[in-house]
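Chains as they are written, first to last, in the working numbering: chain A, 1 to 99; chain B, 100 to 738. Virtual Cβ for every residue (Gly too), placed ideally from N, Cα, C.
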Amino acid sequence: MAGAKTKVKKESREFPILVYPEKCAGCMTCQVMCSIRNLGELNPLKSYIRVNRDHGIRTTSLEFTEDCTWCGYCARFCNYGALVLKKLAKTENEGEEEK
Amino acid sequence: MLGYAGQILKIDLSTGNISKEKLEPEVARKFVGGISMSAKLLYETVKPNTDALSPENALIASSTPFSGTGLIGANKTDWTIKSPLSGLASTATSGDFGTHLKWAGYDNMVITGKAPKPVYITIFDDEIQIRDASDLWGKDTYETSDELWDRHGNECTLFSIGPAAEKMARISMAYTNKQATAGRKGTGAVLGSKNLKAIVLRGTKGLRVAHTKELNAKIEEIYQQFLKDPNLKPWMDLGTTIAVETYGQEGKAAWKNWHESYPPDRWVSRFGVKEFMKVREIALPCVLCPLSCRLVYKLKDGEFAGLETPQACNMGAILSYGSKFDLLNYNQVVKCHDTANRLSIDTNEFTCLLDFLMDLQERGIIDEKVTDGMKLERNIDTVLTWLHKVADREGFGNVIADGYYAIFAALGEELVKEAVERRGGSLDFDPRGLFGTEGFGTAVGVCGPHATFALGPLVISGRTPEQLRRYCARTGLSEEESERVFNDPLGFNIARLTRYVERWNVLLDIMGICNRPPLARLYSLALITELYHLVTGIDIKPEELLAAAERCVNLLKLFNIEQGATRKDDCLPERFYTEPFLLLGKETWLQDYYNTKRLTRKDIEHWLDEYYEERGWDKNGNPTSETLTAIGLKNEVRA
Ligand code: SF4
Ligand code: SF4
Ligand code: SF4
């Protein structure tokens, strides 16, 4: 999870997403989907996930803001394997250790 | 107005005047968005006989009703100009910019005038500034982009040019975020003519749609549908390279100035999938695209090792550099591609022109004196040398920089018959061997020969009329329209079908939907109509959306006619009638789609009559008064 800064929540729940910034292609889908879900509007720069890019080519880090509700919705739309829902990862790789 | 940003941004670089005009709801409804809004803005802004490189030309960008809504693959921006290469309208779709433009609060942007000295524009929501670009002038596209990202932040979307465009090479391009090419036919030169080095865009206003929950549910449904595509994995790994091996094996990769096909064994061993995977580093999608045909190349070893560069279409690069110049491997292709993008030279135009000149020299029609005393050999050194000569406008590079018309003017008009060009631009493929709507569209397309609106199901051989009927049903042909298309001894009428394939592609461009099959296939006319309602709250009938596509084509046609286009411009290159293509050693003539007969000029002229008739245009290709009245354009057009 290099590069990902996930705030540990007070709640007892586990953060639902595995994060692999090196796989991130920078499509912004996670940001748009988060903003629809949590703000009711389409505004990626206000969403609760930050996709930090370097000169248009690579993602340097994926950050979740303080306001992130841990809903996991963004991860459902990441088709590049950078955000993976833990529960899906578990069912898909039965027995394989979490990275 | 929900779903739209509601404003058109207009910038006059001569006066520095910046205005924000309201997008009137009736205009939005009539033209819907994207390419159709661009056509309207071009027609009203650029007057007849405008020099394409004068301040009076316009650079127009349009977002679409679907931009920025989260609808997957609906992210295209339309870029429209009067082309300095053809002298006619040119439109091109490209990723990202429009989406961010809309998030910044504008549906469209129109830039006119000419800045007194080099400038770049920053658009940060409401705050627009024209800034000094003296220190950026002369830098290549990538250096410019990197510098602007350092200055204004990595979250900005950029649109910029390099040296060839600064020097107004008519074969120059402009680029979004280093990788997405905006257009063929000289978009870069139009920026250069305006002293406009770049546009920096950051949109934080976002967007509200009419029915958020319902739209969201639809997006999920479309995304699930997308994930079911059986070809998804190969598409994601390979992008346009998915078809590369069959393409080469079928002899479709042309070289030697469209005289023959490139040897398939060489093609596969040098540019096949295995070799491609060695240089593919990571996906680089347009915004909101889960597919990504785009990528970053990285040369891990060998010649030019360490080079890392973005690419929008691998297939285009190997067809352009690999086969035409018999390059030895991907490393050489990547180096040429990187150089052209940095210099902002249109790869397709440049490589077709150089290949043309090489062929003339190989056949003894021109000598080395013409090309600055140099022998044009098919290798990487020649390519790199001439890319730089074009960008510097040095020696004969100064002529190549302005395309076929400049070459004919310099070396003799009789060379027209040796060239495969149309309206001063090069073709993407050779329709001898497989003549579908793309081939016919090469002749008639209002913005052709590239970016053909006529790309359709016939791009693959062997499609049955039944399969075509299914396509027609999905894309909204009425019963009468289908009847006219399919009532033909060949099974279908290619001229009439072309009109409807064009209408569909224009509608996709109005909505900004990418035409890559795994994305485009997700959308039908019925679904687009439903989504438009969810986004905007406007109740619209499918026919009204199709009518917007027709308005677009007719306005572009009227624009071209005003700029001097006639029926004579709707033709195929002469050589297609007089010469076969040597396809895998076999002489292949222009034939109909099912290869039942060789096509003559008379056949094509006959189809042209039928195409005009189907469109409601007269024998000369002019939209009739009845047609313009029927689609509600009568009052918009100049007398
Ligand atoms: S987990 Fe939920 S709240 Fe957090 S970034 Fe993803 S979508 Fe937004
Ligand atoms: S959806 Fe995935 S690939 Fe796209 S920006 Fe978000 S994390 Fe990156
Ligand atoms: S498939 Fe390619 S061109 Fe189309 S939206 Fe995705 S990255 Fe852009």
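Item	Value
Simplified DSSP assignment, three categories, for PRO66 (chain B)	Outside the shown range of chain B, which is 100 to 738, sits residue 66 (chain B), and nothing can be said about it.
Simplified DSSP state of LYS7 (chain A), which is helix, strand or coil	For LYS7 (chain A), the pLDDT reaches just 48, beneath the cut-off of 50, and the residue's location in the model is therefore unreliable, leaving the point undetermined.
Cβ shell of THR687 (chain B) (< 7 Å), same chain only, five flanking positions each side left out	ARG531, GLY532, PRO679, PHE680
Three CB pairs or more closer than 8 Å across the region 659-669 of chain B and the region 160-179 of chain B	no
Cβ of TYR48 (chain A) within 8 Å of any chain B Cβ	no
Heavy atom of ligand 3 within 7 Å of GLY133 (chain B) beta-carbon	no
Within chain A, partners of SER391 (chain B) - CB distance below 7 Å	ALA25
For ILE220 (chain B), the three-state DSSP class (helix, strand or coil)	strand
Cβ-based burial, MET267 (chain B) [other Cβ within 10 Å; buried from 16]	buried
Whole alpha helix (DSSP H) elements within the region 482-517 of chain B, 4-residue minimum	496-499, 502-510
Under 9 Å by beta carbon: chain A residues contacting GLY169 (chain B)	THR29, VAL32, MET33, SER35, ILE36, LEU42, PHE77
CB contact check: GLY72 (chain A) to chain B, cutoff 8 Å	no
For LYS181 (chain B), the three-state DSSP class (helix, strand or coil)	strand
Nearest-angstrom beta carbon gap, LEU306 (chain B) and TRP202 (chain B) [assumed within contact, 8 Å]	6 Å
Contacting residues, own chain, Cβ-Cβ under 6 Å from ASP454 (chain B) (five flanking each side not counted)	ASN356, LYS423
Chain A contact residues for ILE793 (chain B), given Cβ-Cβ distances below 7 Å	Residue 793 (chain B) lies beyond the residue range present for chain B, which begins at 100 and ends at 738; the question has no answer from this structure.
Minimum length 4: unbroken alpha helix (DSSP H) runs contained in the region 108-173 of chain B	124-130, 133-144
Beta-ladder partner(s) of ARG697 (chain B), from DSSP	B:GLN690
Interface residues of chain A facing TYR322 (chain B) [CB-CB closer than 7 Å]	PHE77
Interface flag, GLY3 (chain A) vs chain B, CB-CB below 8 Å	Per-residue confidence for GLY3 (chain A) stands at a pLDDT of 38, beneath the threshold of 50, marking its modelled position as unreliable; no derived number is given.
Rounded straight-line distance, which links the Cα of LEU630 (chain B) to that of GLU41 (chain A)	16 Å
Partners in chain A for PRO363 (chain B), counting only beta-carbon separations shorter than 9 Å	Those do not exist, as PRO363 (chain B) stays about 32 Å from chain A at its closest Cβ, beyond 9 Å.
Contact test: LEU140 (chain B) Cβ vs ligand 3 heavy atom, cutoff 7 Å	no
DSSP state of GLN566 (chain B) mapped onto helix, strand, coil	helix
Backbone CA spacing between ALA509 (chain B) and ALA500 (chain B) [nearest angstrom]	12 Å
Listed by chain order, chain A residues near LEU387 (chain B) by CB distance under 7 Å	CYS27, MET28, THR29, VAL32
Assigned exposure category for ALA138 (chain B) - 16 Cβ within 10 Å defines buried	buried
6 Å CB neighbourhood of PRO409 (chain B) in its chain, flanking five on each side removed	LYS277, GLN278, LEU383, VAL395
N- and C-terminal bounds of the alpha helix (DSSP H) containing GLY415 (chain B)	413-416
Span of the beta strand (DSSP E), counted from its first residue to its last, around LYS296 (chain B)	295-301
Heavy atom of ligand 1 within 7 Å of SER61 (chain A) beta-carbon	no
Short-range partners of chain A found in the region 233-245 of chain B, where Cβ spacing is below 9 Å	TYR241, SER244, ASP245
Amino acids of chain B, ordered along the chain, whose beta-carbon sits closer than 9 Å to that of TYR20 (chain A)	Those do not exist, as TYR20 (chain A) stays about 12 Å from chain B at its closest Cβ, beyond 9 Å.
Straight-line Cα distance separating ARG441 (chain B) from PHE591 (chain B)	45 Å
DSSP state of ALA309 (chain B) mapped onto helix, strand, coil	coil
Identified DSSP bridge partners for GLU194 (chain B)	The question names Glu, but residue 194 (chain B) in the sequence shown is Gly. B:LYS175.
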